[in-house]
Structure formats: structure tokens, C-alpha cells
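The sequence shown begins at 441 in our numbering and counts up by one.
Note that beta-carbon positions come from the ideal geometry of N, C-alpha and C, so glycine has one too.
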Amino acid sequence: MSTISLRLPESLHKKVRDLAKKEKTSINQLVSSALAEKISALMTEEYIDMRASRANKNKFKKAMSKVADVEADEYDK
Numbered sequence: 441m442s443t444i445s446l447r448l449p450e451s452l453h454k455k456v457r458d459l460a461k462k463e464k465t466s467i468n469q470l471v472s473s474a475l476a477e478k479i480s481a482l483m484t485e486e487y488i489d490m491r492a493s494r495a496n497k498n499k500f501k502k503a504m505s506k507v508a509d510v511e512a513d514e515y516d517k
């Protein structure tokens, strides 16, 4: 476990203190969870960008040409 020193504006510190109290958790846990969520979102965006860069329109069209041209079932609409 690592320790960091973080400077926050007083308004943000008050908000995180209030939210932690409301959630019945520590400020440390709330900030750790928020940071983990942000990192996950950024990593997901990077992953999607990487996958998109490998896309090939011709391969996509070839795969889609194999899909039957039928009306979707009602429960799939």
C-alpha cells in the first residue's frame, strides 16, 4: 500500500467528506474507488481505440454479407 499527499480545494474536500459520511465509508476508500473507476474508464477507452485501429471495412462487409436478410423476431426489436 502506498501513501500520497493530495491537495484539494476546500470545497472539494468538504464534498468528499460529506459523500463519505453519507456512504458510511472513509474519505480514503471513497477517493480510492473513484480513482479506480476513472482509471478503468480510461483504460477501456484506450482498448476500444486500439481495437478500432485494427478494423477492416472489407472484412466487416464480408462478414455482414453472410447474415441472413430476415425480419427480426418481435422480442429482438
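Which same chain residues end up closer than 6 Å to residue i when comparing Cβ atoms and leaving out the 5 residues on each side of it in sequence?
i	result
P449	none
H453	none
Report yes if the CB atom of residue i is closer than 8 Å to the CB atom of residue j, and no otherwise.
i	j	result
L470	V456	yes
M466	A460	The sequence shown places Ser at residue 466, rather than the Met named in the question. Their beta carbons are under 8 Å apart, which means S466 touches A460 by this criterion.
Tell me which residues share the same chain as residue i and place their Cβ nearer than 8 Å to its Cβ, disregarding the 5 neighbours each side in the sequence.
i	result
D458	none
Alpha carbons only, please: which of the options is nearest the one belonging to residue i?
i	options	result
S445	K499, K462, N468, E463	N468
S472	K462, E485, M490, T443	T443
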